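Inspection log for the structure reproduced underneath, given as C-alpha cells.
Residue numbers (full-length UniProt numbering): 1 to 67.
Written out as C-alpha cells, the structure is:
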C-alpha cells in the first residue's frame, strides 16, 4: 500500500518536472523569437534611415509586383 502511494507521488512529481521543463522550453523559444524580431525590426529601421539619408526624403512603402 505504502509502496503504491510512493510510486504515485513519484509519478506526479515527474509529471510536474516535465511540465515545468516544457514551460521553460516554451518561454525560451518565445524569448528567442522576440529577440530575432527585435533584431529584424532594428535592421529594417537602419535600412529605412539609410534610404532617408540618401534620398533626402522618405519614400512610402513600395509595392513590388512580380509577373
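Even for Gly, the Cβ is constructed at its ideal location relative to N, Cα and C.
Given the structure is predicted, the values throughout are model-derived calculations rather than measurements.
Where residue 23 sits in the DSSP three-state scheme = The residue labelled residue 23 in the question sits at position 23 within the chain shown. Under the three-state reduction of DSSP output, residue 23 falls in the helix class.
How many Å lie between residue 24 and residue 13 at the Cα?
-> Taking the first residue of the chain shown as 1, we reach residue 24 at position 24. Taking the first residue of the chain shown as 1, we reach residue 13 at position 13. Approximately 16 Å, taken between the alpha carbons.
Which value, in whole angstroms, describes the spacing of the CA atoms of residue 7 and residue 36?
-> Translated into the one-based positions of the chain shown, residue 7 becomes position 7. Translated into the one-based positions of the chain shown, residue 36 becomes position 36. Cα to Cα, residue 7 sits roughly 43 Å from residue 36.
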